[in-house]
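A.B. asks:
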Amino acid sequence: MERFSSPRDLDQARQSAAQSRQGRLTLSLCSGTGCLANRSRPVYEALIAELDKAGAADKVIVKRTGCHGFCERGPILVVYPQEICYLSVQPDDVAEIVAKTVLKGELVDRLLWKQAGKTFTRQSDIPFYSHQTRQVLAHNSLMDPADIDDYIGYDGYAALADVLANRTPQQVIDEIKRADLRGRGGGGFPAGVKWETTRNAADPVKYVIVNGDEGDPGAYMDRSVLEGAPHSVLEGLIIGAYAIGATAGFFYIRQEYPLALTNTLKAIEQAEARGLLGDNILGSPFSFHVKVHQGAGAFVSGESSALVSAIEGRVGEPRLKYIRQSVSGLFGKPTCLNNVETWANVPLIIRNGADWFRATGTEGSKGTKIFSLVGQVEHTGLVEVPMGTTLRQIIYDIGGGIKSGRKFKAVQTGGPSGGCIPEAHLDTPVDFDALTQLGSMMGSGGMIVMDESSCMVDVARYFVEFLKEESCGKCLPCREGIREMVTILNRITQGQGRPGDIAFLEDIAVLLSEAALCGLGTSAANPVISTLRYFRDEYEAHIHAKTCPAGVCKALIAYTIDAERCQGCGACAKQCPTKAITGEKKAAHRIDQKKCVKCGVCLDACPKKYRAVAKVSSVSVVPEAVQTA
Amino acid sequence: MADNITLTIDGHPVSADPSQTVLDAARSAGVAIPTLCHHKDLLPYGGCRLCLVELRQGKRSQLVASCGYYAKAGLEVHTRSPRVLRARKLVLEVLLALMPYSEEIRRLAHENEVTETRYQRTMHYCVLCGLCVRYCDEVKHTNCIGFVGRGVERNVAWVPPDRYDQTCRTCFECMSLCPTGVFPSNFGLAEV
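Respectively, the protein sequence lines represent chains A and B.
Taking this note's numbering, the leading residue of the first sequence gets 1, the next gets one more, and so forth.
Taking this note's numbering, the leading residue of the second sequence gets 1, the next gets one more, and so forth.
1. Answer yes if the stretch 261-279 of chain A comes into contact with the stretch 296-314 of chain A, meaning at least three C-beta pairs across the two stretches below 8 Å, and no otherwise.
2. Quick check on DSSP: helix, strand or coil for A:C85?
3. Just the Cα atoms here: how many angstroms apart are A:R533 and A:S372?
4. Using a Cβ cut-off of 7 Å, which residues of the stretch 503-521 of chain A contact any Cβ in chain B, in chain order?
5. Span of the beta strand (DSSP E) holding A:K118?
6. According to DSSP, B:H78 sits in a beta bridge with which residue or residues?
7. Is any beta-carbon of chain B found at less than 8 Å from that of A:L532?
8. Taking the straight line between their C-alpha atoms, what separation do you get for A:L426 and A:E506?
9. Measuring CA to CA, which of A:P386, A:L77 and A:Y151 is closest to A:L87?
10. Find the nearest neighbour of A:V290 within the set A:G278, A:V193 and A:K194, judged by alpha-carbon distance.
11. Grab me the residues of A:D397's own chain with a C-beta within less than 8 Å of its C-beta, minus the 5 sequence neighbours each way, in chain order.
12. Just the C-alpha distance for A:I488 and A:V510, rounded to the nearest angstrom, thanks.
13. Against A:L476, what residues of chain B qualify as contacts under a CB-to-CB distance less than 8 Å, listed in chain order?
14. Just checking A:S372 against the ligand COA - is the residue's beta carbon closer than 7 Å to any of the ligand's heavy atoms?
15. Under the DSSP definition of a beta bridge, which residues are partnered with B:W158?
16. Quick one: grab the DSSP three-state call for A:N338.
17. Is the separation between the beta-carbon of A:P527 and that of A:P422 shorter than 8 Å?
18. Against chain A, does B:R154 count as a neighbour if the rule is that its beta carbon must be under 8 Å from one of theirs?
19. Suppose only complete runs of 4+ residues qualify. What are the alpha helix (DSSP H) ranges in the stretch 74-128 of chain B, listed by chain order?
20. Alpha carbon to alpha carbon, how far is A:R491 from B:L75? Give it in angstroms, no decimals.
21. Taking 8 Å as the CB-CB limit, is B:R86 close to chain A?
22. What would DSSP say about B:E138, mapped onto helix, strand or coil?
23. Among A:P285, A:A138 and A:F408, whose alpha-carbon lies nearest the alpha-carbon of A:G156?
24. For A:R406, which residues in the same chain have their Cβ closer than 8 Å to its Cβ, ignoring the five residues on either side in sequence?
25. Check whether the Cβ atoms of A:F432 and A:G364 sit closer than 8 Å, and answer yes or no.
26. Whole-angstrom Cβ separation of A:I349 and A:I176, contact assumed at under 8 Å?
27. Contact criterion: CB-CB distance below 8 Å. Does B:V159 meet it with respect to chain A?
28. Can you list, in chain order, the residues of its chain with a C-beta nearer than 8 Å to that of A:E72? Leave out the 5 residues immediately preceding and following it.
29. Please confirm whether B:Q57 has its beta-carbon closer than 8 Å to some beta-carbon of chain A.
30. Which of the three DSSP states is assigned to A:T487 in this structure?
31. Using Cβ-Cβ distances below 8 Å, what residues of the stretch 464-475 of chain A are close to chain B?
32. How would you list, in chain order, the residues of chain A whose beta-carbon sits under 8 Å from the beta-carbon of B:V139?
33. Using CA atoms only, rank isn't needed, just tell me which of A:G419, A:A267, A:A116 and A:A191 is closest to A:I244.
34. Give a yes or no on whether the minimum CB-CB distance between B:L52 and chain A is below 8 Å.
35. Leaving out the 5 sequence neighbours to the left and right, which residues in its chain are closer than 7 Å to B:V114 when beta-carbon positions are compared?
36. Whole angstroms are fine: how far does the CA of A:L438 sit from the CA of A:V102?
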């Protein structure tokens, strides 16, 4: 690989990369983790074989790209320049795609997106995409993450070249400050201010770190950025290092993200070979080296002081940090730590200017934010929207509303330490401050949508249970407080709740938020606090009436058969795994509550025309069930 | 040594060296702050959270672990404000459930009017204050014992297990540090 020794070399490479694209059909196949799980690799192999057979291999470029976002309908194949988007492509479909689209320019109608009676050809016209503003993810569906020249062809490293040739470090910091870029990892701390503090710290040795320890259940924003656009993160990091005056940097990537790790390592290797990283970058006096540190499976290592400890080779546990990392961080040196998405925004701001960045977003939160939209919505996937987009727009316009026509109940944002937001606040614009006011938080961008079939006490229990597993155990409030919260929530969901339990939960919440050592502990009670704030009646129903209004908590529900509706077809009895259902043929059946394990198979087995089986959670049925539990 | 600075603790001006923590400054001025995991020869740890104090700056108020927060000029520290006492009581309620037999914890609970605990009483011989582990590391540089496990599984253990025979038999210095009074007696039993 040729090494660039000046910005001119980079410019030439960009022109030739752009030229090689021209006039050729590009088949861009999503090879993010989601699509790989949906068998994107066999599709790729079929594509290569089929193109070979048709003798069209040299006329088209086949690219395995990062995540396209519409993960639910993967594997996704987009044909450029027309931007024809084929969804749920299987190896069997490939022959038809090559024969029709590649050779004749015709569409394969059955693989196109259809919604509300309309067929969508172009990817960006599909409602899931058309309501988004993809800036950070803009080139994710165009670029091969394993090919630096591809990135260069899309203006990659142009911002770095500009910075090294034309701007002083202070000018770079001023640009980032003027853009008002806030940390995408959750806290929303102004990145420019952090950079400046690190730059101004007395110690001449400074470090920059990419925090890629995304661990929230259901979240994969940083994962997709690292998998699909590792070079934009790396470029952002190098620019940051130049501005801050750092000579070494680290990527902290969790071990559970093998593809992100592979692509990042490859990106670093290629950038070094191209002279974009290492000594005298692009022929300038600036030198900067990067290492990758693999996480070892601890959620708490995403906390900055724990992450720094882990890179130092110690146990990834938070430390007392009354001195900022930007003054004394990694190995006691000034350290600037930003999240993956924050770094990925940096080249965009430098290339397009702070004003361009500020044009999107709200008063206090500029730019866009990536969310992973999951849960009970029609269309799940990775979405990027301007700050200030309302929750309703994200869930209904992009996500297509709640699955199977059920009613919306709550959306959980901010990961396990975030909170649940009810319908009444769906029109809140999503930004750092508005979500915090609602008792939740932006977090790194997880968004789990729940419908009426979710029990909020059970949801809180799930998240607190997760945090119990992930608490490091160093400080007493987090270790013992969370343990006790899990005990209480378990007993409430099992119908053993006691009158003082809500008050006790609230006291533990105070203990955690006031006395815990790190951010994981101080925010650990958020799932409980926010569900108590908006869904207190559900807690009370569990504790006092011993019912689960959503019909989720097994100890508080029962399945019954309506004797008048039951026709004695025996469908339920046949499928019952514990033989709890008895009855004569053509006569009403009965469920023995002592044998019933509440799996719900009978409810599904009962023919729609009879609808004799019902799930109930009321005082009259349940005491018996609770006693047997 | 840098010049002394002045901060206020519970409304009284206190002179301190900037290399002193708020806890040290308070104690040298005769202000009592309870601690379990603090030791003058060891680095600040911040695990027990008993030493929390309130810092006020205008309308802003913040709870910090005084064992790890360094004295600064003009700092306004409160060691017995309602916010501090509430957090301290909640911490002691946990401790009382974990080791109701520890004299030190019973005394602290009594002083802070914590008489009952709602937490499940589970037998614990260790509050994981880390004094023994840190002493073994920072003072003796032997690292015979360490923390193993995460969260509620966290425990103090010999790493590797045969370190006890190799080194501990001739040392035992960490035993007197244990704030629970249990570690020494356990050791005694093991020796018999």
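Where a beta carbon is used, it is the ideal one built from N, C-alpha and C, also for glycine.
C.D. replies: To lay it out plainly:
1. no
2. strand
3. 25 Å
4. F504, D507, V510, L511, E514, A515 and L517
5. K118 to F120
6. B:E54
7. no
8. 25 Å
9. A:L77
10. A:G278
11. P127 and H131
12. 16 Å
13. G47, C48, R49, V91, V94, L95, V127 and L128
14. This structure lacks the ligand COA; in fact it carries no ligand of any kind.
15. B:I145
16. strand
17. no
18. yes
19. 82-98 and 103-111
20. 45 Å
21. yes
22. helix
23. A:A138
24. Q376, D451, E452 and S453
25. yes
26. 6 Å
27. no
28. H379, T380 and G381
29. no
30. helix
31. K468, E469, E470, S471, C472, G473, K474 and C475
32. The premise fails here: B:V139 is roughly 18 Å from chain A at the closest Cβ pair, so nothing lies under 8 Å.
33. A:A191
34. yes
35. K89, L92, E93 and L96
36. 51 Å
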